[in-house]
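Participant: Below is a structure I'd like to ask you about.
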Amino acid sequence: MVEPVEVRPDGAGGQTPAPERATNKGPGRLLIAVYILFAIAATSRAGLQIATKFDEAPVAYLLSAVAALIYIVAAVGLARAGHAGRRVALACCSVELVGVVAVGILSLADRALFPDETVWSGFGSGYGYIPLVLPILGLFWLWRTRNDLR
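Going by full-length UniProt numbering, the residue at position 40 of the sequence shown is 40; the numbering climbs one at a time, nothing skipped.
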C-alpha cells in the first residue's frame, strides 16, 4: 500500500529552501561602512565645491555629487535585506563601475574636460583607487551572497 505524501509549505518533498544570504552580515558590514564613509566624503566635497566654486568646473562638481548619491543609495541597498535591496545595490555598483572607468579614461585622455578633480578622476587616484575597487568588491559580494537557484 502506498502512503500519502505530506505536502509541506516549506518546499517540495519536505525540503526547506536555502536561507537567503544577507548582504549586511559579516564582511558586508565593512563594505557598507566603506560606502557610508565615501558617501560622507563625496557629499562633503561636492557640497563645498558646488557652494563655493561651481562656475570653475561645473561638470566635475556635479559628477562628484552624482558619485555621492550613488554611494548613499548603494549603502542603503547593501544594508537592506531582500531582493529589492540587492537589485538597488547591483544597479548602483554597476553604474558606479562604469562611471569610474569612463570618467577615469576621460580625465586622463582630455584634462580640459575636468579642470578640477572629481571623486572618480584618474580612476579614483585621489582616494587611493578605492572608488575603482569598491564597486568590484560590491559586485563580488552581491554574487557571493546570492541565493543558489536550483
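Ideal placement from N, C-alpha and C gives every residue a C-beta, glycine not left out.
#1: Consult DSSP for residue 18 and reduce its assignment to one of helix, strand or coil.
#2: Between 138, 55, 118, which has its C-alpha nearest residue 75's C-alpha?
#3: Determine, using beta carbons only, whether residue 91 and residue 78 come nearer to each other than 8 angstroms.
#4: Have a look at residue 83 and residue 23 and give me their C-alpha separation to the nearest angstrom.
#5: Rounded to whole angstroms, what is the Cα-Cα separation between residue 144 and residue 30?
#6: Just to confirm before moving on: does the CB-CB distance between residue 60 and residue 115 stay below 8 angstroms?
Facilitator: On the basis of the data shown:
#1: As a position in the sequence shown, residue 18 is number 18, starting the count at 1. Because residue 18 sits at a pLDDT of 48, beneath the cut-off of 50, its placement in the model cannot be relied upon, and the following sentence gives the value as read from the coordinates. If DSSP states are grouped into helix, strand and coil, residue 18 belongs with coil.
#2: The residue labelled residue 75 in the question sits at position 75 within the sequence shown. With distances taken between Cα atoms, residue 75 lies closest to 138.
#3: Here residue 91 refers to the residue found at position 91 when the sequence shown is read from its first residue. Here residue 78 refers to the residue found at position 78 when the sequence shown is read from its first residue. Cβ atoms of residue 91 and residue 78: not closer than 8 angstroms.
#4: Here residue 83 refers to the residue found at position 83 of the sequence shown. Here residue 23 refers to the residue found at position 23 of the sequence shown. Distance between the alpha carbons of residue 83 and residue 23 is about 10 angstroms.
#5: Residue mapping note: residue 144 aligns to position 144 of the sequence shown, counting from 1. Residue mapping note: residue 30 aligns to position 30 of the sequence shown, counting from 1. Going from the Cα of residue 144 to the Cα of residue 30 covers about 15 angstroms.
#6: On the sequence shown, residue 60 is found 60 positions in, with the first residue counted as 1. On the sequence shown, residue 115 is found 115 positions in, with the first residue counted as 1. Yes, Cβ-Cβ distance for residue 60 and residue 115 is below 8 angstroms.
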